[in-house]
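*Asks:*
Number of protein chains: 2
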Amino acid sequence: MKKSTIQDVADLAGVSITTVSRVINKNYPVKESTRLRVNSAIDKLNFRPNLLAKGLIQSCTKTIGIITPSIENLFFSEVIKGIDSFIRPMGYSTILCHSEGDNKSEVDMIHNLLNRQADGIIMIDPRKENIDSGFIEDLSKSIPLVLINGFYDGVKCNYILNDATSGVIEALNYLLGEGCTKVTLLRGKHSYSYDIKEEVYRDFILKKSDYCKVLSIDEGNDLKSVNSAKLKVISALKEKKSAPDGIICCNDWMAVGALHAAKSLGIKVPGDLRIIGFDNTIISQITEPDISTVDQQMTILGQLAAKRIYTMMTTDDHEIQKIFLETKLIIRNS
Amino acid sequence: MKKSTIQDVADLAGVSITTVSRVINKNYPVKESTRLRVNSAIDKLNFRPNLLAKGLIQSCTKTIGIITPSIENLFFSEVIKGIDSFIRPMGYSTILCHSEGDNKSEVDMIHNLLNRQADGIIMIDPRKENIDSGFIEDLSKSIPLVLINGFYDGVKCNYILNDATSGVIEALNYLLGEGCTKVTLLRGKHSYSYDIKEEVYRDFILKKSDYCKVLSIDEGNDLKSVNSAKLKVISALKEKKSAPDGIICCNDWMAVGALHAAKSLGIKVPGDLRIIGFDNTIISQITEPDISTVDQQMTILGQLAAKRIYTMMTTDDHEIQKIFLETKLIIRNS
DNA sequence: TCAATTTAAGAAAAGGTTTTCTATACAATA
DNA sequence: TATTGTATAGAAAACCTTTTCTTAAATTGA
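Chains as they are written, first to last, in the working numbering: chain A, 667 to 1000; chain B, 667 to 1000.
#1: Go ahead and pull the three-state DSSP assignment for B/LEU967.
#2: Heavy atom of the ligand SAH less than 8 angstroms from the Cβ of B/TYR758, yes or no?
#3: By Cβ distance below 6 angstroms, which residues in the same chain neighbour A/VAL686 in space, the five residues on each side in sequence not counted?
#4: Taking only runs that begin and end inside the stretch 870-956 of chain A, name each unbroken beta strand (DSSP E) of 3 or more residues, in chain order.
#5: Which bits of chain B does A/VAL922 rub up against, with CB to CB less than 7 angstroms?
#6: I need the straight-line Cα distance from A/GLY751 to A/LEU811, nearest angstrom please.
#7: Please state the DSSP three-state secondary structure of B/GLY721.
#8: Using the Cβ count rule (16 or more neighbours within 10 Å means buried), how would you classify A/PHE990?
#9: Give a yes or no on whether the C-beta atoms belonging to A/CYS916 and A/TYR860 are separated by under 9 angstroms.
#10: Among the candidates A/ILE933, A/VAL892, A/GLY923 and A/HIS926, whose CA atom is the shortest distance from the CA of A/ASP911?
#11: Report buried or exposed for A/GLY937, applying the criterion of at least 16 other Cβ atoms within 10 angstroms of its Cβ.
#12: Taking the alpha-carbon positions, what's the A/GLY854 to A/GLU865 distance?
#13: Against chain A, which members of the stretch 708-729 of chain B pass a CB distance test of less than 7 angstroms?
#14: What number of angstroms, rounded off, separates the C-alpha of B/GLU772 from the C-alpha of A/THR977?
#15: Using a C-beta cutoff of 9 angstroms, does A/HIS926 count as contacting chain B?
#16: Between B/GLU985 and chain A, is the shortest Cβ-Cβ distance under 9 angstroms, so that the two count as touching?
#17: Output needed for A/LYS896: all residues of its chain with C-beta closer than 6 angstroms, excluding positions within five of it in sequence on either side, in chain order.
#18: Quick check: what's the CA-CA separation for B/CYS726 versus A/TYR758?
#19: Please determine if the stretch 720-737 of chain B and the stretch 844-853 of chain B are in contact, where contact requires at least 3 C-beta pairs separated by less than 8 angstroms.
#20: Give the interface partners of B/GLN1002 over in chain A, defined as CB-CB distance under 8 angstroms, in chain order.
#21: Within this structure, are the beta carbons of A/ILE761 and A/GLY721 separated by less than 9 angstroms?
#22: Name the chain A residues that come within less than 7 angstroms of B/LEU889, Cβ to Cβ?
#23: Output the distance between the C-alpha atoms of A/SER950 and A/ILE957, rounded to the nearest integer angstrom.
#24: Mind checking A/GLU992: buried by the 16 CB within 10 Å criterion, or exposed?
#25: Using alpha carbons as the reference points, say which of A/MET756, A/PRO755 and A/HIS764 lies closest to B/ILE746.
#26: Between A/ALA972 and A/ILE753, is the Cβ-Cβ spacing less than 9 angstroms?
#27: Just how far apart, CA to CA, sit B/LEU711 and A/PHE801?
#28: Nearest-angstrom Cα distance between B/TYR670 and B/ILE708?
#29: Buried or exposed: which applies to B/MET964, given that a residue is buried once 16 or more other Cβ atoms fall within 10 Å of its Cβ?
#30: Can you check whether the C-beta of A/LYS747 is within less than 9 angstroms of a C-beta belonging to chain B?
#31: Would you mind giving the Cβ-Cβ distance between A/ILE914 and A/VAL834, rounded to the nearest angstrom? I have them listed as a contact below 8 angstroms.
#32: What residue range does the alpha helix (DSSP H) around B/LYS710 cover?
#33: Should B/VAL892 be flagged as near chain A, meaning a C-beta pair shorter than 9 angstroms?
#34: On the three-state DSSP scale, how would you describe A/VAL960?
#35: Going by other Cβ atoms of all chains shown within 10 Å of its Cβ, with 16 needed for buried, is A/LEU813 buried or exposed?
#36: Pull up the distance between the alpha-carbon of A/VAL696 and that of A/LEU779, whole angstroms please.
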């Protein structure tokens, strides 16, 4: 079944393509009788307007790209749903790209989005390398760009949405208050969101204690990180003198890994070891015990990013904004 | 920074746009010296070819659309990764759409993909209503379409990839073998994959037992289903006479819900109640006890779908194929 | 009735590529 | 020399819309 064009519709309805366009876009008065004729022609031919042509002439595609490192972490799923919930009703559609935490993929995907003439891009947890190289800063000069969790002070040129570092402090205060004396941080690589947490952790813990230890696994967002975290924590727990009695994990997957590590060694949680996760995804609720975690308000994070990019796309307000969102520690049984 | 076009590049390099096009696409010999000049002009102007224009003229966008009900279920994540792992290296990019299990969204997204001139569409667990209405069958006449888990015999016009129903039988055999006498099935709505499982369950169980009971929750793929499943199972377990001693859950989220239901009532798993999930996602490994589940080979499922759609897009082999994949019961401690 | 205004609809340009067809320059062959 | 062949590169059409500019027809006002 060959695709029909606006010309076919025009021929069938006995009008010009201009008129068909007007009927479709409802942006110009058309006599009722012709409107009906055109519409029935559209139905008969099953006509679908070619967005490539439309986008080409309007130089606007009503599309935003979302780049996420992973689709295996509910943190991202929730953020994405937040973005969608705001931007869809505004008539935009989204193109979701997952880079699997790969540098090059991330760049390729951005290029692809640019080539497709996306109107804006939201990046969740962009790769550190791509920030450091200046790539992202450059990018933000050529297209409305909002980063989620990609904040660090050095990047001045980007409008950045970021949840506060307050979560780490809240978690630390809680653990110290519960009597922990050896609190460690478990983090992943390649994302500034981990760096910030580490920085805050170090600054804060050194004021209160002389135990300061950071565990780092190779990745952080995919499923493999559960096991990596487990292995990493097992080896930390095996160290006689310096084994931690509290772990703050940079996301809930890692926290699950830590929990399993403790179990495998017969270490009681929360008796001998306390674990705190990050994100408050549902997986922190389904383990035994369920895991205390820092809520990140993912939906709101996404909505704010969407709102901001919408403003940038539709007005000439392109100034750089940094919005910080509150976090909240959810106490459970770990 | 205004976007530069192929004309700008041509002007700067002192050649025609034809030549620039040839340099970019490497589909025609160009003298080395001009090639260099053109390339440096491209770099200088930071030129990015407009895919709208290219797609328009080639009537091919090297794009496939993926429609999934949810991005909150690792089953889908794995399938999607499988698709990507095959189709990306072939030079295609993917547009991922999540319908949140909404009928209308699903249709809208398909229309959007058609309007964008996607070259093919893969649908995971398409909505029952859209199959029943004939919409999907019609669709498959106008674009290469592959369904994953959308199989039922009535749909003759679609090429369908589907994992075997053998999983249900395997699970049933196992539970009966372990001495269960009241095995129920917990399912969701609006997807044929649940219908098939129910059908197989009914056919099989009635031959072996006179206990046949199906529990159904409103949705099945999002996070809310954990809680819905829990509530549904709690009320089933409370029924004195007919409380099940074995539950087959149509995905791992539901199995988690069922497990929590049992816990909340103080019912021992697997002692008093056995639970089997579906999908073998990592969440079936992180609960206590970990959950026996039916592995669905999601990655392969995705790869096969991608491979099939690739063939359909690049050759004139458009015949309807139905591929069935083996499942495997993974025995754990539930 | 005639001019002026309003309404409805068409013609053609534009958007940025690819592709077919054509043209030039030069070398090779007879 | 005349002919053929071979690189190399340009001109122009094509892809399918939207949009600006016109035009024709219908309505209004005096």
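Glycine residues also receive a C-beta, built at the ideal position from the N, C-alpha and C atoms. Predicted model, so just to flag it, every value in this text is computed and none were measured.
*Replies:* Looking at the coordinates:
#1: If you number the second sequence from 1, residue 967 of chain B lands on position 301. Note: B/LEU967 maps to helix in three-state DSSP.
#2: No copy of the ligand SAH occurs in the structure displayed, which carries no ligand at all.
#3: The sequence position of residue 686 of chain A within the first sequence is 20, counting from 1. Closer than 6 angstroms at the Cβ level, and outside the excluded window around A/VAL686, lie ILE672, VAL675, ALA676 and VAL704.
#4: Counting whole runs of 3 or more residues, the stretch 870-956 of chain A contains the beta strand (DSSP E) stretches 879-882, 912-915 and 940-945.
#5: Within the first sequence, numbered from 1, the residue matching residue 922 of chain A stands at position 256. Those within 7 angstroms of A/VAL922 in chain B are ILE952.
#6: In the first sequence, the residue the question calls residue 751 of chain A occupies position 85. In the first sequence, the residue the question calls residue 811 of chain A occupies position 145. Note that residue 751 of chain A corresponds to Ser in the displayed sequence, not to Gly. Distance between the alpha carbons of A/SER751 and A/LEU811: 18 angstroms.
#7: Start at 1 with the first residue of the second sequence, and residue 721 of chain B comes out as number 55. Taken through DSSP and simplified to helix, strand or coil, B/GLY721 comes out as helix.
#8: Walking along the first sequence from the start, residue 990 of chain A turns up at place 324. Exposed is the call here.
#9: Against the first sequence, residue 916 of chain A aligns to sequence position 250. Against the first sequence, residue 860 of chain A aligns to sequence position 194. Yes; because the gap between Cβ atoms is below 9 angstroms, this pair is in contact.
#10: To locate residue 911 of chain A, count along the first sequence from 1; it is residue 245. Closest in alpha carbon position to A/ASP911, among A/ILE933, A/VAL892, A/GLY923 and A/HIS926, is A/ILE933.
#11: Counting from 1 along the first sequence, the entry for residue 937 of chain A is found at position 271. Around the Cβ of A/GLY937, a 10 Å sphere holds fewer than 16 other Cβ atoms; the residue is exposed.
#12: Taking the first residue of the first sequence as position 1, residue 854 of chain A is located at position 188. Taking the first residue of the first sequence as position 1, residue 865 of chain A is located at position 199. Whole-angstrom Cα-Cα distance: 13 angstroms.
#13: Residues passing the 7 angstroms Cβ filter: ARG714, PRO715, ASN716, LEU717, LEU718, ALA719, GLY721 and LEU722.
#14: Within the second sequence, residue 772 of chain B is the residue found at index 106, counting from 1. Within the first sequence, residue 977 of chain A is the residue found at index 311, counting from 1. Each residue's alpha carbon lies about 27 angstroms from the other.
#15: Walking along the first sequence from the start, residue 926 of chain A turns up at place 260. Put simply, the CB of A/HIS926 is near chain B, with a gap under 9 angstroms to one of its CB atoms.
#16: On the second sequence, position 319 is the one that residue 985 of chain B refers to. No - not a single Cβ of chain A is within 9 angstroms of the one on B/GLU985.
#17: As a working note, residue 896 of chain A is residue 230 in the first sequence. For A/LYS896, same chain residues with a beta-carbon under 6 angstroms away, outside a window of 5 residues either side, are GLY923, HIS926 and ALA927 in chain order.
#18: The residue given as residue 726 of chain B occupies position 60 in the second sequence. The residue given as residue 758 of chain A occupies position 92 in the first sequence. Their Cα atoms are separated by approximately 23 angstroms.
#19: At 8 angstroms Cβ cutoff, the stretches do not touch.
#20: This structure cannot settle anything about residue 1002 of chain B, because the visible part of chain B is limited to 667 through 1000.
#21: In the first sequence, counting from the first residue as 1, residue 761 of chain A sits at position 95. In the first sequence, counting from the first residue as 1, residue 721 of chain A sits at position 55. The answer is no: Cβ separation not under 9 angstroms.
#22: Start at 1 with the first residue of the second sequence, and residue 889 of chain B comes out as number 223. The contact set of B/LEU889 on chain A, defined by CB atoms closer than 7 angstroms, consists of ILE948 in chain order.
#23: Working through the first sequence from its first residue, we reach residue 950 of chain A at position 284. Working through the first sequence from its first residue, we reach residue 957 of chain A at position 291. Going by the C-alpha atoms only, they are around 5 angstroms apart.
#24: Taking the first sequence and counting its residues from 1, one reaches residue 992 of chain A at position 326. Here A/GLU992 is exposed, its C-beta having fewer than 16 other C-beta atoms within 10 Å.
#25: Indexing the second sequence from 1 puts residue 746 of chain B at position 80. That would be A/HIS764, whose Cα lies nearest to the Cα of B/ILE746.
#26: Counted from its first residue, the first sequence places residue 972 of chain A at position 306. Counted from its first residue, the first sequence places residue 753 of chain A at position 87. Using a Cβ distance threshold of 9 angstroms, A/ALA972 and A/ILE753 count as a contacting pair.
#27: Here the question's residue 711 of chain B lines up with position 45 in the second sequence. Here the question's residue 801 of chain A lines up with position 135 in the first sequence. Distance between the alpha carbons of B/LEU711 and A/PHE801: 16 angstroms.
#28: Here residue 670 of chain B refers to the residue found at position 4 when the second sequence is read from its first residue. Here residue 708 of chain B refers to the residue found at position 42 when the second sequence is read from its first residue. One detail in the question is off: residue 670 of chain B reads as Ser in this sequence, not Tyr. When rounded, the distance between both Cα atoms is 9 angstroms.
#29: What you label residue 964 of chain B is simply residue 298 of the second sequence in a count that begins at 1. Result: buried.
#30: Translated into positions along the first sequence, residue 747 of chain A becomes position 81. Taking Cβ atoms only, chain B reaches closer than 9 angstroms to A/LYS747, which makes this a yes.
#31: What you label residue 914 of chain A is simply residue 248 of the first sequence in a count that begins at 1. What you label residue 834 of chain A is simply residue 168 of the first sequence in a count that begins at 1. That belief holds up - the Cβ atoms of A/ILE914 and A/VAL834 are roughly 7 angstroms apart, short of 8 angstroms.
#32: For the purposes of this step, residue 710 of chain B is taken as the residue at position 44 of the second sequence. Per DSSP, B/LYS710 belongs to the alpha helix (DSSP H) from 698-711.
#33: Mapped onto the second sequence, residue 892 of chain B falls at position 226. It does: the Cβ of B/VAL892 has a partner Cβ on chain A nearer than 9 angstroms.
#34: For the purposes of this step, residue 960 of chain A is identified with residue 294 of the first sequence, where counting begins at 1. A/VAL960 falls in the strand class under three-state DSSP.
#35: In the first sequence, counting from the first residue as 1, residue 813 of chain A sits at position 147. Buried, by the Cβ-count rule.
#36: The residue labelled residue 696 of chain A in the question sits at position 30 within the first sequence. The residue labelled residue 779 of chain A in the question sits at position 113 within the first sequence. The alpha-carbon of A/VAL696 is positioned some 36 angstroms away from that of A/LEU779.
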